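Reviewing the structure listed below.
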Amino acid sequence: MSEVAIIGAGYYGFKPITDEVSFREGTFLAAMRAYEQCNIDPRKDVDSFIACEEDFNVGIAISNEFAVDQLGGVLKPVSTVTSESLIGLASGYMLIKSGLCDIVVVEAHSKASNLVSPEKILEFAMDPVYERFLNFHPNYLASLEARNYMEKRGISNDDLALIIKKNKENGLLNPRASYSITVDLEAVKKSEKIFDPLSEYDIAQYTDAFVVVVLASKEKAEKLSNKPVWIEGLYWCSESSLTPLRGFSTNALELAAQKVYDRTNLNPKYIDFFEIDDRFSYRELMHIEALKVSNKDTIKKDLREGRFSKEGDRIVNASGGYLATGVPLDAGGLARVYEAFLQLRNEAGQMQLKNANRCLIASWRGIPTSTYAVCALSNGA
Amino acid sequence: MENRTSRLLRYPGDMEAESYLYTVGPLAEQFLLSIKNEGKIKAAYCKNCGRLFLPVRSFCTFCGKEVNELREIDQEGVVESFSKVKLDSFGKELKEPFYLAYIKFRNVEGGLLHKLGEVKEPKIGMKVKPVFKESKERIGSLEDILYFRPI
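Heads up: the sequence lines are chains A and B, in that order.
Straight run, no breaks: the first sequence in the numbering used here ends on number 381.
Straight run, no breaks: the second sequence in the numbering used here ends on number 151.
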């Protein structure tokens, strides 16, 4: 079975509003940039395309039918993964691993600015009998989880402010981080806890973004790219769909990560940096624990000592994470792949980390889901 | 994009299919009817793995087998977490904010999301019990429970 590499990656957007393009042109621009990077013609060289769309987010029924044209995929195999885009990446990986394809393109995008009531779409993802009858903003599911986690770990809002500051200020060097700011800790402390115990500082905003990556077999990758980024391992997992049944658990992420560690003979010590879901500040900590980057007994100490900062020994979200870039709906996983791709190719500009040779990416589909994917990437050094 | 000559347009759209009538399923129907007719919360019981669980469904999430029995459980619940809800599902400010809680029951996997009432300062670990609507007002819904109140 061939190894699988990412040989091209392109994006457009990462802005709160992209009124200058429709979802078609945004995707087209991202695709052209990705293709140019590895010098391929989608009409001739690509064997299959994968689009990661969710109809309610796109606002079009059977929205995958709309993915073909702008990718250059007419009269080619195109399939849709209606899930987090890291799972779409996994589908592309399998197409190459199986020997069916040599070059596969994976696309995901967010036109969140088109959504007039995104919270209503999230509510619609909740169980109609057991969850929706209370008519609350879905972020309150995160509020419940945050309070439970903070109480169990002895973590305060001041601790969460350290994550907000780290990520939003990391983003100051990232051209895709529209929500990066210099954080005034006093302002964070005084902010209204509208989603008690969380304030708006703790919750990432939405962003418009279009991301396209090109995957290739080892043979093609070595011909087409002088800096391929290798997919060392990936896995994904879902827990029960009902929030009240599963409670406040990240077991599915823990399991997905363990599968990746087992299959690659890696452990967190061998990972140079982590790009993980931080759409809620406290969730970064839960995910850090699930990935075994820290544990329930040390998480608070590790956070306060700055071990997850760019100067620390377990760098988490050097890109600024979703708190700085915004959440691009299901394109989030692919967006983090883009950030890792730059770091691993030493092309991250002012953001560039020293010794960035291996990255672990962990994505979540957000509330009210329990779907996670984990992916280990390396530059082969 | 190039060749932009006029003010950018947006086209309004909405979802045609905006109403649904969801089938609750055979065991959930019994669960809701036991709330309506008996004023009792019951849990699903899996004969295969011996677990009681909430919310109820006709299959077991844990062992994958069919489930077709409800059992009575201790009505006393424990607050696992809570939050004061100020915004509704459209993000609009509520005239009457309420406490949302995640409540678990003894020896039962899972739990229920519901409101807390008759409480000033909720706490995690607080023991609560359900307060039902008058029986003639019940319709067979979780809304037949007004809220959970501290014991």
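Even for Gly, the Cβ is constructed at its ideal location relative to N, Cα and C.
A quick note: this is a predicted structure, and the numbers were derived from the prediction, not measured.
For this session: Return the CA-CA distance between residue 150 (chain B) and residue 139 (chain B), expressed in angstroms with no decimal places.
Result: Those two C-alpha atoms are separated by around 25 Å.
Exercise. Mind checking whether residue 43 (chain A) and residue 11 (chain A) have CB atoms under 9 Å apart?
Worked result: no
Exercise. Comparing the C-beta of residue 115 (chain B) with each C-beta of chain A, is any distance below 9 Å?
Worked result: yes
For this session: With 9 Å as the threshold, decide whether the Cβ of residue 96 (chain B) is near any Cβ in chain A.
Result: no
Problem set entry | Identity of the residues DSSP links to residue 44 (chain B) by a beta bridge | B:53, B:70
For this session: Would you verify that the beta carbon of residue 112 (chain B) is, or is not, closer than 9 Å to some beta carbon of chain A?
Result: yes
Exercise. Of all Cβ atoms in chain A, is any one closer than 9 Å to the Cβ of residue 20 (chain B)?
Worked result: yes
Exercise. Does the region 81 to 89 of chain A come close enough to the region 326 to 340 of chain A that 3 or more CB-CB pairs lie under 8 Å?
Worked result: yes
Exercise. Under the three-state reduction of DSSP, which class applies to residue 341 (chain A): helix, strand or coil?
Worked result: helix
Problem set entry | CB contact flag (residue 422 (chain A), residue 342 (chain A), <9 Å) | Residue 422 (chain A) lies beyond the residue range present for chain A, which begins at 1 and ends at 381; the question has no answer from this structure.
For this session: Mind checking which residues open and close the beta strand (DSSP E) that includes residue 326 (chain A)?
Result: Judged by DSSP secondary structure, residue 326 (chain A) falls outside any beta strand (DSSP E); it is assigned neither H nor E.
For this session: Use the C-beta contact count for residue 110 (chain B): other C-beta atoms within 10 angstroms, 16 or more gives buried, fewer gives exposed.
Result: buried
Exercise. Residue 43 (chain B) versus chain A: which residues are under 8 Å apart at the beta carbon?
Worked result: Chain A residues near residue 43 (chain B): none, gap ~11 Å exceeds 8 Å.
For this session: Please name the residue, chosen from A:210, A:195, A:67, that lies closest to residue 204 (chain A) on a Cα-to-Cα basis.
Result: Closest by alpha carbon: A:195.
For this session: Verify whether the separation of the beta carbon atoms of residue 211 (chain A) and residue 8 (chain A) is less than 9 Å.
Result: Their beta carbons are not under 9 Å apart, which means residue 211 (chain A) does not touch residue 8 (chain A) by this criterion.
Exercise. Distance, Cα to Cα, residue 51 (chain A) vs residue 64 (chain A)?
Worked result: 7 Å
Exercise. If you drop the 5 nearest sequence neighbours on each side, which residues of the same chain put their C-beta closer than 6 Å to that of residue 106 (chain A)?
Worked result: 50, 88, 89, 92, 213
For this session: Scan the region 70 to 130 of chain A and note each continuous alpha helix (DSSP H) run of 4 residues or more that stays entirely inside, going in chain order.
Result: As far as the region 70 to 130 of chain A is concerned, its whole alpha helix (DSSP H) runs of at least 4 residues are 85 to 97, 118 to 124.
Problem set entry | Chain-ordered neighbours of residue 291 (chain A) on chain D, where CB pairs are closer than 9 Å | Judged by its chain identifiers, the structure shown contains no chain D, and its protein chains are A and B.
Exercise. What in chain A is Cβ-close to residue 88 (chain B), meaning under 8 Å?
Worked result: What residue 88 (chain B) touches in chain A: 135, 136, 137.
Exercise. In its own chain, which residues sit with a C-beta less than 6 Å from the C-beta of residue 226 (chain A), not counting the 5 before and 5 after it?
Worked result: none
For this session: Just the chain A side, please: which residues come within less than 8 Å of residue 124 (chain B) by C-beta, in chain order?
Result: 147, 148, 151
Problem set entry | Among A:70, A:104, A:53, the one whose alpha carbon lies nearest that of residue 62 (chain A) | Considering only alpha carbons, the answer is A:53.
Exercise. What are the start and end residues of the alpha helix (DSSP H) that includes residue 55 (chain A)?
Worked result: 55 to 58
For this session: Answer with buried or exposed for residue 351 (chain A), where buried requires no fewer than 16 other C-beta atoms within 10 angstroms of its C-beta.
Result: Buried, by the Cβ-count rule.
Problem set entry | Local Cβ density within 10 Å of residue 156 (chain A), reported as buried at 16 or more and exposed below that | exposed
Problem set entry | Under 9 Å between C-beta atoms of residue 208 (chain A) and residue 18 (chain A) | The Cβ atoms of residue 208 (chain A) and residue 18 (chain A) sit closer than 9 Å to each other.
Exercise. Is there at least one Cβ from chain A nearer than 9 Å to residue 24 (chain B)'s Cβ?
Worked result: So yes, residue 24 (chain B) belongs to the interface.
Exercise. Taking the runs of the alpha helix (DSSP H) that are 4 residues or longer, which of them lie wholly in the region 141 to 178 of chain A?
Worked result: 157 to 170
Problem set entry | Beta-carbon proximity of residue 132 (chain A) to residue 70 (chain A), cut-off 9 Å | no
For this session: Could you list which residues in chain B have their beta carbon closer than 7 Å to that of residue 196 (chain A), in chain order?
Result: 83, 84
Exercise. Relative to the alpha-carbon of residue 240 (chain A), which residue among B:43, B:55, B:103, B:130 has its alpha-carbon at the smallest distance?
Worked result: When only C-alpha atoms are compared, the closest one is B:55.
Exercise. By the criterion of Cβ-Cβ separation under 8 Å, what are the contact partners of residue 244 (chain A) in chain B?
Worked result: 54, 55, 102, 110, 111, 112, 113
Problem set entry | Chain-ordered chain B contacts of residue 129 (chain A) [CB-CB under 7 Å] | 22, 24, 28
Exercise. Given a threshold of 16 other Cβ atoms within 10 Å of its Cβ, counted over all protein chains shown, does residue 46 (chain A) qualify as buried or as exposed?
Worked result: buried
Exercise. What are the start and end residues of the alpha helix (DSSP H) that includes residue 245 (chain A)?
Worked result: Unbroken alpha helix (DSSP H) run through residue 245 (chain A): 243 to 246.
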